[in-house]
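Asker: If you count the sequence shown from 1, position 115 lands on 883 in the working numbering, and the numbers rise without skipping. C-beta atoms are modelled at their ideal positions from N, C-alpha and C, and glycine is treated no differently. Encoded as structure tokens, here's the structure I'll be asking about.
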Amino acid sequence: MRRLGLIGFSGSGKSSLAAFASKNGFKAVDLDALIEEKNPNAAELLEHDREDDFRTLETCVISGILKSDFDFVAFGGGVHFAHPAWKEIRESGLKLVYLRSSFENLIGRFEKRPLFKKLGREGYEKLFSARLPLYEKAAAFVVDIDGRGLNEIWSEIEEIWNSLFR
């Protein structure tokens with residue numbers, strides 16, 4: 769199968785790159801957008817200490833995505849090696865690309881997000897640090913995004929695509 773999954777911390781550009789892929793003729797899906805379609809109040813689950821409920825919903829949507837026809841999927845920031853759907857993701861043969869960035873580069877992108885408001889800067893930075901090795905372990909490829917624009921990042925992802933599938 770010709771499929772790539774984009775993983776990385778909140779604000780790393782996964783959704784923007786999936787939209788970019790769609791504009792360039794690829795079939796792309798955005799996990800966060802599909803979760804919002806299924807449950808418009810999904811973000812509130814994270815705000816109200818109901819992460820288990822959110823992950824259950826997320827896992828259900830991931831299962832549906834993996835059975836569908838797509839080229840790219842932008843996963844949410846919580847999808848990594850320790851995610852409940854990891855086994856299913858791995859068994860699907862999906863190759864994962866980790867969009868790696870520094871915390872300082874991302875902070876302006878997620879300050880208004882509900883989980884940041886709940887955890888604060890220190891809590892969010894701890895979460896960021898805890899997830900880094902999980903993304904690294906899950907990814908087949910790593911793309912560094914600090915100081916790079918969308919076109920440049922997309923070019924590197926396209927190179928990965930071409931090396932695998934052309």
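For Tyr866, which residues does DSSP report across the bridge?
Answerer: Translated into positions along the sequence shown, residue 866 becomes position 98. Answer is Ile775, Val910, bridged to Tyr866.
Asker: Can you give me the C-alpha to C-alpha distance between Tyr866 and Gly845, rounded to a whole angstrom?
Answerer: Here residue 866 refers to the residue found at position 98 of the sequence shown. Here residue 845 refers to the residue found at position 77 of the sequence shown. Each residue's Cα considered, the two are about 10 Å apart.
Asker: Taking C-alpha atoms, which residue in Ala786, Leu834, Lys806, Asn807 lies nearest to Asp798?
Answerer: Counting from 1 along the sequence shown, the entry for residue 798 is found at position 30. Ranking the options by Cα distance to Asp798, first place goes to Ala786.
Asker: Looking only at its own chain, which residues have a Cβ that is under 6 Å from the Cβ of Ala908, when we skip the five neighbours before and after it?
Answerer: By 1-based counting over the sequence shown, the position of residue 908 is 140. Lys863, Leu864, listed in sequence order.
Asker: Quick one: is Glu826 buried, meaning 16 or more other Cβ sit within 10 Å of its Cβ, or exposed?
Answerer: As a position in the sequence shown, residue 826 is number 58, starting the count at 1. Glu826 is buried by the Cβ-count criterion.
Asker: Quick one: any contact between the region 831-840 and the region 787-807, if contact means 3 or more CB pairs under 8 Å?
Answerer: Under the Cβ criterion (8 Å, minimum of three pairs), the region 831-840 counts as touching the region 787-807.
Asker: Check whether the Cβ atoms of Phe871 and Ala906 sit closer than 8 Å, and answer yes or no.
Answerer: Walking along the sequence shown from the start, residue 871 turns up at place 103. Walking along the sequence shown from the start, residue 906 turns up at place 138. For the 8 Å CB-CB criterion, Phe871 and Ala906 do not form a contact.
Asker: Nearest CA to the CA of Arg939: which residue from Ser778, Glu819, Phe794?
Answerer: Outside the modelled stretch of the chain, which goes from 769 to 934, sits residue 939, for which no answer is possible.
Asker: By Cβ distance below 6 Å, which residues in the same chain neighbour Ser869 in space, the five residues on each side in sequence not counted?
Answerer: Within the sequence shown, residue 869 is the residue found at index 101, counting from 1. So the list reads Ser780, Ile913, Asp914, once near-sequence residues are dropped.
Asker: Asp798 lies in the beta strand (DSSP E); which residues open and close that run?
Answerer: In the sequence shown, residue 798 corresponds to position 30, counting from 1. Counting along the chain, the beta strand (DSSP E) containing Asp798 begins and ends at 796-798.
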